[in-house]
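Notes for the one structure printed next.
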Amino acid sequence: MLDALKKLFGSSSYKSSEVAHQRLKFVLLNDRANISPEIMENIKNDIIKVISHYMEIDKNLMEISLENDADSVALVANIPVSSMKHHIHKR
Amino acid sequence: MSEVIVITSGKGGVGKTTTTANLGVGLAMRGKKVALVDTDTGLRNLDLLLGLERRIVYTLVDVVQKRVNYGQALVRHKKYTNLFLLPTSQVADKTAIEPHDMLSIIDAMRSEFDYILVDCPAGIEQGFQTAVIGADKAIVVTMPEIAAVRDADKIIGKLQSEDKPIRLVVNRIRPEMVKDGTMLDMTSIDDILSVECIGQIPDDKKVVDSANRGIPVVEWKDSPAGSAYRDVVGRVLGEDIPFKPFETEGFFARLKHVFGH
């Protein structure tokens, strides 16, 4: 009942300490996502290593970046596949 | 063997200098030989909090410019004769001391002191680099406020990239606000910063009173912040001291206020 009233009058039922915690979690995700090109290069090389176990990929055309939008941060990778390796079917 | 600890925060006004003064006096009270180095050139205040402002003759800038050696710039504390302040200049700016100058001064001082505490200026520019360069470890001071925690995170990132061990001091906690959910609690701060905490300092009017007098609160027997700082000192010395729950003002305490005692 109280919650319904609060909603009706537009006030949040969350305590402000919880609001601060959630806002900090998000803002720091963005702040920390500002990582150096060297680290990005390392991530890229590690991804190549893992994926190469399963398929042939075109390393030169591969793109990887962190993208921010209003409420999330995503690691976006575009990895062109040139062929599949045979042995994965045998596993 | 000496240990060099930088006290830093990113954001201004969270209690770096207060923490430096209290740790310094606290370690001196425990018999350690301590030097406090103020690197907030142009905005020095550590001298005031220690009650040493009228005894400064030479500063860190004079040492850097080779007019005197660091020993001549050190100000000995009146009460704790094993506590020394290396003040900085109030007229020069942060560019007067380069990181490599600081490193050679700190290295020269190491053989003489058990602890060297470096009070860092706010910000992440040259002043920060200068303060941090000679340090073995860092104490990051923050407050349970959203802006202070964010800035602490930034500073922690910078210190981690330099491989400095980091400990956290959370200053100006208001237990009654934490209790009713209007201030970030330690669980949230731990979740966000993930740094080992060695101090939870309650907000305490006596901190202002003590700054007025130039006598750090760590000496004051009747101060909750002073008691929390004595615990921080113990933890810096490697003692295993559990955190005490804060006393929120109960009915009887309020009753005492009403009746004036």
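Sequence lines, in order, name chains U and G. My numbering applies: residue 15 is where the first sequence begins, and numbers increase by one. My numbering applies: residue 13 is where the second sequence begins, and numbers increase by one. In this text, a Cβ means the ideal position worked out from N, Cα and C, and glycines have one as well. Bear in mind that the values here come from a model prediction, so they are computed numbers and not experimental data.
With 7 angstroms set as the bound, which would you pick, yes or no: does the beta-carbon of S30(U) sit closer than that to a beta-carbon of chain G?
-> Here residue 30(U) refers to the residue found at position 16 when the first sequence is read from its first residue. Among the residues facing chain G, S30(U) is included, as its CB has a counterpart in that chain under 7 angstroms away.
With 9 angstroms as the C-beta to C-beta threshold (strictly closer), list the residues of the region 145 to 162 of chain G near chain U in chain order.
-> Flagged, chain order: P156, E157, I158, V161, R162.
In whole angstroms, what is the alpha-carbon distance linking D163(G) and S96(U)?
-> Counting from 1 along the second sequence, the entry for residue 163(G) is found at position 151. Counting from 1 along the first sequence, the entry for residue 96(U) is found at position 82. When the Cα atoms are used, D163(G) and S96(U) turn out to be separated by approximately 45 angstroms.
Nearest chain U C-beta to M198(G) closer than 7 angstroms, yes or no?
-> Mapped onto the second sequence, residue 198(G) falls at position 186. Cβ-Cβ to chain U under 7 angstroms: no for M198(G).
Might you give, ordered along the chain, the residues of its own chain that have their beta carbon closer than 8 angstroms to the beta carbon of A85(G), omitting 5 neighbours on each side?
-> Sequence index remark: in the second sequence, residue 85(G) carries index 73 (1-based). Same-chain partners within the cutoff: V69, Y70, T71, L72, D74, V75, L98, P99.
Which residue spans inside the region 40 to 94 of chain U form an unbroken alpha helix (DSSP H) run of at least 4?
-> Assignment of alpha helix (DSSP H) within the region 40 to 94 of chain U, counting only whole runs of 4 or more residues, yields 51 to 66 in chain order.
Considering only residues of the same chain and omitting the five flanking positions on each side of G139(G), which have a CB-CB separation below 8 angstroms?
-> The sequence position of residue 139(G) within the second sequence is 127, counting from 1. Closer than 8 angstroms at Cβ, skipping near neighbours: T51, D52, T53, K106, C132, P133.
Could one say the Cβ of V26(G) lies closer than 7 angstroms to chain U's Cβ atoms, at least one of them?
-> By 1-based counting over the second sequence, the position of residue 26(G) is 14. Under the Cβ distance rule, V26(G) does not count among the residues neighbouring chain U, no pair being separated by less than 7 angstroms.
According to the neighbour-count rule (16 or more other Cβ atoms, all chains shown, within 10 Å of its Cβ), is V90(U) buried or exposed?
-> Within the first sequence, residue 90(U) is the residue found at index 76, counting from 1. V90(U) should be labelled exposed.
Cβ of G193(G) less than 7 angstroms from any chain U Cβ?
-> As a first step, residue 193(G) is located in the second sequence; it is residue number 181 there, counting from the start. Yes, contact with chain U.
Report the rounded CA-to-CA distance for V33(U) versus T20(G), giving the unit in angstroms.
-> Taking the first sequence and counting its residues from 1, one reaches residue 33(U) at position 19. Taking the second sequence and counting its residues from 1, one reaches residue 20(G) at position 8. So the two alpha carbons sit approximately 26 angstroms from each other.
Boundaries (first-last residue) of the alpha helix (DSSP H) holding E15(G) = Here the question's residue 15(G) lines up with position 3 in the second sequence. Run containing E15(G): none in the alpha helix (DSSP H); it sits in the beta strand (DSSP E), 15 to 20.
Within the 7 angstroms Cβ cut-off, does Q172(G) reach chain U?
-> On the second sequence, residue 172(G) is found 160 positions in, with the first residue counted as 1. At a cut-off of 7 angstroms, the C-beta of Q172(G) has no neighbouring C-beta in chain U.
At 7 angstroms on the CB atoms, spell out the chain G contacts of V87(U), in chain order.
-> Reading the first sequence from its first residue, position 73 is the one you call residue 87(U). None at all; the shortest Cβ gap to chain G is about 15 angstroms.
Identify each residue in the region 57 to 88 of chain U for which the Cβ-Cβ distance to at least one residue of chain G is less than 7 angstroms, and report them in chain order.
-> If the cut-off is 7 angstroms between Cβ atoms, the region 57 to 88 of chain U has nothing near chain G.
Alpha helix (DSSP H) containing N183(G): first to last residue?
-> Position 171 of the second sequence holds residue 183(G). No alpha helix (DSSP H) holds N183(G); the beta strand (DSSP E) holding it covers 178 to 185.
Any beta-carbon of chain U closer than 7 angstroms to the one on D165(G)?
-> What you label residue 165(G) is simply residue 153 of the second sequence in a count that begins at 1. So yes, D165(G) belongs to the interface.
Is there at least one Cβ from chain G nearer than 7 angstroms to L43(U)'s Cβ?
-> Within the first sequence, numbered from 1, the residue matching residue 43(U) stands at position 29. No, L43(U) lies away from the interface with chain G (no Cβ there is under 7 angstroms from its Cβ).
What residue range is occupied by the uninterrupted beta strand (DSSP E) comprising G25(G)?
-> Walking along the second sequence from the start, residue 25(G) turns up at place 13. Premise fails: G25(G) is in no beta strand (DSSP E) and is neither H nor E.
What separation, rounded to the nearest whole angstrom, lies between the Cα atoms of A160(G) and A88(U)?
-> Translated into the one-based positions of the second sequence, residue 160(G) becomes position 148. Translated into the one-based positions of the first sequence, residue 88(U) becomes position 74. One alpha carbon belongs to A160(G), the other to A88(U), and they sit about 26 angstroms apart.
Can you find a CB in chain U that lies within less than 7 angstroms of the CB of I204(G)?
-> Working through the second sequence from its first residue, we reach residue 204(G) at position 192. The beta carbon of I204(G) sits closer than 7 angstroms to some beta carbon of chain U.
Cα-Cα, which of G211(G), A47(G), D192(G) is closest to E124(G)?
-> On the second sequence, position 112 is the one that residue 124(G) refers to. Of the candidates G211(G), A47(G), D192(G), the one whose C-alpha sits nearest the C-alpha of E124(G) is A47(G).
Quick one: Cα of E137(G) to Cα of K217(G), how far?
-> Locating residue 137(G) in the second sequence gives position 125, where the first residue counts as 1. Locating residue 217(G) in the second sequence gives position 205, where the first residue counts as 1. For E137(G) and K217(G), the gap between their C-alpha atoms comes out near 32 angstroms.
Determine the DSSP secondary structure at A159(G), reduced to helix, strand or coil.
-> Taking the first residue of the second sequence as position 1, residue 159(G) is located at position 147. Annotated three-state conformation of A159(G) is helix, per DSSP.
Whose Cβ in chain U lies nearer than 9 angstroms to the Cβ of G22(G)?
-> Counted from its first residue, the second sequence places residue 22(G) at position 10. Against G22(G), chain U offers no close residue; the least beta-carbon distance is about 12 angstroms (beta-carbon pairs closer than 9 angstroms).
Closer than 7 angstroms, CB to CB, is A34(U) near chain G or not?
-> Numbered from its first residue, the first sequence carries residue 34(U) at position 20. Chain G, which has a Cβ nearer than 7 angstroms to the Cβ of A34(U), makes this yes.
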